[in-house]
Amino acid sequence: LTMARWEILCFALCSYLGVAQAATLGVVYTEGGFVEGESKRLSLFGNYIDIFRGIPFAAPPKALEDPEPHPGWNGTLETKEYQNPCMQMTLTQTDVRGSEDCLYLNIWIPQGKSEVSTNLPVMIWIYGGAFLFGESQGTNFLNIYLYDGEEIAVRGNVIVVTINYRVGPLGFLSTGDENMPGNYGLKDQHMAIAWYLGLLRTESGQATTVAAILAGAGSPGNERAQPDERGRSSALPYRCLGFLGKDLAGGEQIFMLPANTWLADRLLFSSTSHLTSPSSSQTLVLSPAAAPLVHTLAITPVVDGDFLPDKPENLFANAADIDYIAGVNDMDGHFFAGFDLPAINRPLVKITA
C-alpha cells in the first residue's frame, strides 16, 4: 500500500512539473502591442500548442478604402476568441452577416513538451468563396470550425495562419478609375501576410519558409503576380499552393462598371433609403449570357494599374522565383453538388436593385 502511494505521489509530481514547464510563448509582442492567446495541452504527456484567435492585423477598415495599419492598443490584448467575418450576404441571399470591423487573423503554433518551437515553416490559409463569401475560421457546427488549424499544425509540425479579408462590394467594388480602384480584399490579404512576416522577423530575426494555401476565388494567381516596388515579383508569399482557382482580373468588369458606379454611390450614403426607395431603384436588363453565368463573377479583382498593373498571366514572368503548385482534391465541387447548376444559365429578364 505504501509503495502504491509513493507511485501515485511520483506520478502527480511528474504531472505537476510537466505543467509547470509547459512550452508556451505566453504573452507575445506584435507591432500593435502585446497579445496573449491560449496554451493547449494536447494530451497528458503530449506536446502543447499555442493558439491566438482574433489578432488585428489592420485598423477597422473604412468603406471602399485601402487597409491601414492598426494604431495599436494599451496593455495586453486577449486573443482567445474568433472575431466576426467580413460583412457579406448569407448563402441563401436573404440576409447580411458579419461586420466591417473584420481584419483579424488566427495563429496555431505547435510546441514541444518542454521547449518552444523555432524556425517552423508557415502555412497561410486564404479561404475561397467567389470573392463574395467566406471567413478565416470557416463555418461552425457545434463549436467545431471548418478551418480550425490545430490538426494540420500538429500533424505537419507547421505554424498555421488563417486570415480574414473583405469580400463582396466592400472588398472588390470598382469604378475602373482612381476614384474607386477596387482590390481592397486583395490588399487585405497582402497586409495580413506582410504583418505576419514582420512578426516572424521580430521574433526570430529572420523569416522562415512561408507558403500560402489558397482555395478557389482566383487569389493564388493574383497574390503571386502582385509586384513590389522594385518591379519584380513580391516575396509575399514565398511559395503558393492553389486549389480550384483561376486568375480573374477584370474582363467581366467592363460590362459591370455602370452598375458598380451606381451601387458605389449608394453604399457611401449614410441612409438606407437610397437602396430601398423605388424612385432611386435601377433596373438592369440582362441578355442571355455568351458564356455560362457560373463562369462569370460580377465583383472580382481588377487590373487597376497600381496594385495589379496588368493581368496576372502577363505578370507571372516576374514571379518565376516563387514556387507555385496548382492542383485539385477529392472534394472539389462538393459544395456545389446541391445546387441546380443548369438553372443558373437560364436568361434573366429583369433585376431591380
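Numbered according to mature numbering (1 follows the signal peptide of the UniProt record, and there is no 0), the sequence shown spans residues -22 to -1, 1 to 331.
Positions of the beta carbon are idealized from the N, C-alpha and C atoms, including for glycine.
It should be emphasised that the depicted structure is a prediction, and the values quoted were computed from it without experimental measurement.
Counting along the chain, the unbroken beta strand (DSSP E) around Asn84 starts and ends at 82 to 89.
In terms of Cα proximity to Cys218, the closest of Phe150, Asp282, Trp103, Pro39 is Trp103. Per DSSP, reduced to three states, the secondary structure at Leu22 is coil, with no helix or strand assignment. Secondary structure of Gln61 (DSSP, three-state): coil. DSSP assignment within the region 81 to 140 yields the following whole beta strand (DSSP E) runs of 3 residues or more, N-terminal first: 82 to 89, 100 to 104.
DSSP places Pro287 outside both helix and strand once states are collapsed to three, so it counts as coil. Taking C-alpha positions only, Pro38 is separated from Ile277 by approximately 22 Å.
Within the model, the alpha-carbon separation for Ile85 versus Pro99 is close to 13 Å. Annotation: the continuous alpha helix (DSSP H) that includes Leu148 extends over 147 to 150.
One Cα belongs to Tyr7, the other to Leu164, and the distance between them is close to 26 Å. When secondary structure is reduced to three states using DSSP, Met158 falls in the coil class, being assigned neither helix nor strand. Taking the C-beta atoms as reference points, Asp28 is found nearer than 7 Å to Thr2. One Cα belongs to Leu120, the other to Gly112, and the distance between them is close to 18 Å. Here the region 50 to 60 lies against the region 7 to 16, with 3 or more beta-carbon pairs under 8 Å apart.
Following the DSSP letters along the chain, one finds Phe12 inside the beta strand (DSSP E) bounded by residues 11 to 14. A residue is called buried once 16 or more other Cβ atoms fall within 10 Å of its Cβ, and Ile141 is buried on that count.
Per DSSP, reduced to three states, the secondary structure at Gly176 is helical. By the C-beta criterion, the region 123 to 137 is judged not to be in contact with the region 148 to 160, since fewer than 3 inter-stretch pairs fall below 8 Å. Around the Cβ of Phe23, a 10 Å sphere holds fewer than 16 other Cβ atoms; the residue is exposed. Rounded to whole angstroms, Lys91 and Gln115 show a C-alpha spacing of 27 Å. Rounded to the nearest whole angstrom, the C-alpha separation of Thr117 and Arg144 is 17 Å. Taking C-beta separations shorter than 6 Å and ignoring five residues to either side along the sequence, the partners of Glu78 in its chain run Met65, following chain order.
Assigned with DSSP and collapsed to three states, Phe30 falls in strand. If the five residues before and after Asn62 are omitted, its C-beta is found closer than 6 Å to the C-beta atoms of Gly76, Ser77, Cys80, all from its own chain and listed in chain order. For Ile277, the secondary structure class from DSSP, reduced to helix, strand or coil, is coil. DSSP, reduced to helix, strand and coil, places Ile303 within a strand of the structure shown. For Ala170, the secondary structure class from DSSP, reduced to helix, strand or coil, is helix. Closest in C-alpha terms to Val74, from the list Tyr123, Asn161, Glu46, Pro147, comes Pro147. Scanning its chain for C-beta atoms nearer than 6 Å, with the 5 sequence neighbours on each side dropped, one finds around Ile87 the residues Asp28, Ile137, in chain order. The beta carbons of Leu69 and Tyr162 sit about 22 Å from each other, so the pair does not count as a contact at 8 Å.
With fewer than 16 other Cβ atoms from the protein chains shown falling within 10 Å of its own Cβ, Val5 counts as exposed.
For Leu42, no beta strand (DSSP E) encloses it, and the DSSP letter there is neither H nor E. Rounded to whole angstroms, the separation of the alpha carbons of Met101 and Gly134 is 10 Å.
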